[in-house]
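Working notes, structure below.
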Amino acid sequence: MTMPEQRVRQNAAEPTFPVPPGTESGRMASLTIERNDDEQIGEIVGRLERRYTREQISSADLDSRVRGFYRDFAAARIRIFVSIFVERLVRRSIETPLPSR
1 MTMPEQRVRQ NAAEPTFPVP PGTESGRMAS LTIERNDDEQ IGEIVGRLER RYTREQISSA
61 DLDSRVRGFY RDFAAARIRI FVSIFVERLV RRSIETPLPS R
């Protein structure tokens with residue numbers, strides 16, 4: 001097998017993803033991911049608001065913590081467990097207060 005034939009076979013094995021017409025490459029995927037992240041953040045906040053009273057944590061503080069921990073995972077290549085990790089981290093931050101100095 002010659003070099004060009006090897007390249008053709010390698011390229012044929014790589015998956016290709018269609019780009020919707022009228023979008024720059026990747027722009028549409030980026031918008032979809034951001035929208036999905038906002039939906040997941042909203043779901044996490046909703047679950048935690050049902051779990052904790054306003055006396056334990058305010059809605060604004062809860063939203064801020066969820067978004068902060070979510071940002072920590074912004075560069076994660078595998079996104080499927082991010083919402084689980086974020087929810088656990090926020091619960092831990094609420095249930096284990098920082099020691100007073």
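For the sequence shown, the positions run 1 to 101 when UniProt numbering is used. Glycine included, each C-beta is placed from N, C-alpha and C at the ideal position. In this text, all values refer to a predicted model and were calculated from it rather than measured experimentally.
Problem - Endpoints, alpha helix (DSSP H) assigned at serine 58 - result: Where serine 58 is concerned, there is no enclosing alpha helix (DSSP H), given that its DSSP letter is neither H nor E.
Handout entry: aspartate 63 versus Phe81, Arg77, Gly46, Ala75, residue with shortest Cα-Cα distance
Key = Taking the Cα of aspartate 63 as reference, the smallest distance to any Cα among Phe81, Arg77, Gly46, Ala75 is reached at Gly46.
Problem - N- and C-terminal bounds of the alpha helix (DSSP H) containing leucine 98 - result: Counting along the chain, leucine 98 sits inside no alpha helix (DSSP H), nor does DSSP assign it H or E at all.
Practice task
State the Cα-Cα distance for the pair isoleucine 41 and proline 99, rounded to the nearest angstrom.
Solution key: 28 Å
Exercise for the section: Alpha carbon to alpha carbon, how far is aspartate 72 from glutamate 24? Give it in angstroms, no decimals. Expected result: A caution first: glutamate 24 carries a pLDDT of 48, below 50, which makes its placement in the model unreliable, though a value can still be read off. Going by the C-alpha atoms only, they are around 27 Å apart.
Problem - Other residues of its chain near leucine 89: CB distance less than 6 Å, five sequence neighbours each side excluded - result: Phe69
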